[in-house]
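Residue numbers (the numbering used here): 178 to 643. We put the beta carbon where it would ideally sit given N, CA and C, even for glycine.
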């Protein structure tokens, strides 16, 4: 197809989709995943520092480890909740931005947003100010999470989507041991009279420096361009991708196989219509409960270790050791992501999270705390790689960012209350109570995805959306 031809929007969408889906996995395709993932690295550093600076915030007297009351503002849970309140606003209210303004613009601008807000937070001196700026930063992080998911799913060939998301998560989760290491070395100290937790926060803001470097090397999503009637631009981007892939592969590209056509315009209310309502409600339930297992552990690792009798410095060291395993779950997913149904992988990992969590709660020996902490982290992050791909596959391009933002916002809403409930269970029932709560939540995840989740493996996005 040449740029002088003017097909109907639905035909153009089908042609672009077919041409993208037949691309082989060359160095250029993986480079796109790498660039998007590097942007996500700063996002993950910022998101996961919540857990690792927690002991420093408590030590500085700004917050207490456990809330005096369920909605106590002085407890560390209020800081954790502020993060997820911001994520909720970002994913629910601003999730539309990537659909309206483009994946590329929102990817880079949201990175700048949360990097700057996090830097401002490092200089605040009251709990209220820290909570406010943490919430503002969380808005930018929430928008970025939605945008990366939609970006990757639209650029990747259908046989590569699962592995692309797994590789994305491997790279992004590599930021977790970095923030854990930095926190272990700095949080107990006051370099130059500046609290160690503030240095940890400031280091996460350097992502803003790289934003334009990344922006210049990633194209806009051709599927998004088509959905906004920009046929010539979509053709140019797709042709350039084909040229680079063909050059690297050293062979002609296989002929595209046209699938179902997609209409140009969409409306957010479609996600509650007969075609998508079952998926929407299934993912709402899934996200509300998966968050309890995921962030119930990830955001509280050092604090849970302290509750099990480990000192603050040792808890940060053990947390760093556990954090080293963060990329291993998605790394394992690389080998199975496109061999098994995404829904099956989510079910298996939810069961593993419940089992490893209960075993972690029963340990007092530091070695076994680390072992089961590592296993729990790997299961959590394998599930993360699976569901990030899965939720983005289930909706059409015209409403993908808005739909993913809406269903994903339920995990953020859940996390706001989860943080308060984890603090409550930790105070009144100890670590065992926390993981009993997590195990029950994982059972809901298994039932929702296992019973109601559709198949997506090796299917074109347009086929899945129909």
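Going by Cα to Cα distance, which pick from 397, 469, 275 and 431 is closest to residue 319?
-> Taking residue 319 as reference, the option from 397, 469, 275 and 431 with the minimal CA-CA separation is 275.
Looking at C-beta atoms only, is the number of pairs between the region 581 to 597 and the region 255 to 265 that lie closer than 8 angstroms three or more?
-> Touching, yes, given that three or more Cβ pairs across the two stretches are closer than 8 angstroms.
How big is the Cα-Cα spacing for residue 255 and residue 270?
-> Approximately 22 angstroms, taken between the alpha carbons.
On the three-pair Cβ rule with 8 angstroms, is the region 464 to 479 touching the region 289 to 304?
-> Cβ pair count under 8 angstroms is below three, so no.
If you check the beta carbons only, do residue 632 and residue 447 fall under 9 angstroms apart?
-> For residue 632 and residue 447, no; Cβs fall outside 9 angstroms.
Please report the residue range of the alpha helix (DSSP H) in which residue 504 lies.
-> Looking at the DSSP string, residue 504 is not in any alpha helix (DSSP H), and its letter there is neither H nor E.
Between residue 572 and residue 381, what straight-line distance do the alpha-carbon atoms span, to the nearest angstrom?
-> In this structure, the straight-line span from the alpha carbon of residue 572 to that of residue 381 is close to 33 angstroms.
What do you reckon, are the CB atoms on residue 531 and residue 615 nearer than 9 angstroms?
-> Contact: yes.
Decide if residue 643 is buried, meaning its Cβ has at least 16 other Cβ atoms within 10 Å, or exposed.
-> Exposed.
Assigned secondary structure, residue 237 (DSSP; H/G/I helix, E/B strand, else coil) | In the structure shown, residue 237 sits in coil (DSSP, three-state: anything other than H, G, I, E or B).
Closest by C-alpha distance to residue 291, when choosing among 635, 379 and 210 = Checked all of 635, 379 and 210; the closest Cα to residue 291 is 379.
So, is residue 361 buried or exposed, given that buried needs 16 or more other C-beta atoms within 10 angstroms?
-> With 16 or more neighbouring CB atoms inside 10 Å of its own CB, residue 361 falls in the buried class.
Could you check the C-alpha separation between residue 331 and residue 317 for me, to the nearest Å?
-> Taken atom to atom, the span from the alpha-carbon of residue 331 to that of residue 317 is near 21 angstroms.
Output the boundary residues of the alpha helix (DSSP H) element that contains residue 424.
-> Counted as a single uninterrupted DSSP element, the alpha helix (DSSP H) harbouring residue 424 occupies residues 408 to 426.
Using only alpha-carbon positions, find the residue among 619, 350, 630 and 232 that is nearest to residue 225.
-> Ranking the options by Cα distance to residue 225, first place goes to 350.
What number of angstroms, rounded off, separates the C-alpha of residue 312 from the C-alpha of residue 609?
-> Distance between the alpha carbons of residue 312 and residue 609 is about 30 angstroms.
Between the Cα of residue 415 and the Cα atoms of 569, 206, 325 and 544, which residue gives the shortest distance?
-> Out of 569, 206, 325 and 544, 206 has the C-alpha closest to the C-alpha of residue 415.
Which runs of the beta strand (DSSP E), 3 residues or longer, sit entirely within the region 332 to 398?
-> Under the rule that a run must span 3 or more residues, no beta strand (DSSP E) segment is found entirely inside the region 332 to 398.
In whole angstroms, what is the alpha-carbon distance linking residue 652 and residue 424?
-> Since the displayed the chain opens at 178 and closes at 643, residue 652 lies outside it and no answer follows.
Do the CB positions of residue 288 and residue 336 come within less than 9 angstroms of each other?
-> Going by beta carbons, residue 288 and residue 336 fall outside the 9 angstroms limit.
Measure the beta-carbon distance from residue 400 to residue 193 and round it to whole angstroms, keeping in mind my assumption that it falls under 8 angstroms.
-> Between residue 193 and residue 400 the Cβ distance is about 6 angstroms, and since that is below 8 angstroms, they are a contact.
Helix or strand or just coil, what does DSSP make of residue 272?
-> In this structure, residue 272 counts as coil in the three-state DSSP scheme.
Among 345, 499, 309 and 281, which one has its Cα closest to the Cα of residue 294?
-> Comparing Cα positions, the closest option is 309.
Short check: CB of residue 341 to CB of residue 478, under 9 angstroms?
-> Against a cut-off of 9 angstroms, the Cβ pair of residue 478 and residue 341 comes out as no contact.
Which one of 605, 396 and 630 has the shortest CA to CA distance from residue 454?
-> For residue 454, the nearest C-alpha among the options comes from 630.
In chain order, which beta strand (DSSP E) runs of at least 3 residues are fully inside the region 525 to 574?
-> Segments of the beta strand (DSSP E) lying fully in the region 525 to 574: there are none.
Out of 426, 429 and 396, point me to the one whose CA is closest to residue 413's CA.
-> Nearest option by C-alpha distance: 396.
Counting only the same chain and skipping the five closest in sequence on each side, list residues whose C-beta sits under 6 angstroms from that of residue 546.
-> Taking C-beta separations shorter than 6 angstroms and ignoring five residues to either side along the sequence, the partners of residue 546 in its chain run 540, following chain order.
Rounded C-alpha distance that separates residue 433 from residue 196 | One C-alpha to the other measures close to 5 angstroms.
For the alpha helix (DSSP H) that contains residue 214, what are its first and last residues?
-> Residue range 204 to 229 is occupied by the alpha helix (DSSP H) that includes residue 214.
Sequence ranges, alpha helix (DSSP H) only - wholly within the region 605 to 643, length at least 4 = With a minimum length of 4 residues, the continuous alpha helix (DSSP H) runs that stay inside the region 605 to 643 are 638 to 642.
Do the region 554 to 561 and the region 493 to 513 meet, that is, are 3 or more Cβ pairs less than 8 angstroms apart?
-> Cβ pair count under 8 angstroms is three or more, so yes.
Extent of the continuous alpha helix (DSSP H) to which residue 301 belongs = For residue 301, no alpha helix (DSSP H) segment is defined, and its DSSP state is neither H nor E.
When burial is assigned at 16 or more other CB atoms within 10 Å of the CB, is residue 542 buried or exposed?
-> Flag for residue 542 reads exposed.
Note down the Cα distance separating residue 570 from residue 641, rounded to an integer number of angstroms.
-> Counting only the Cα atoms, residue 641 lies some 7 angstroms from residue 570.
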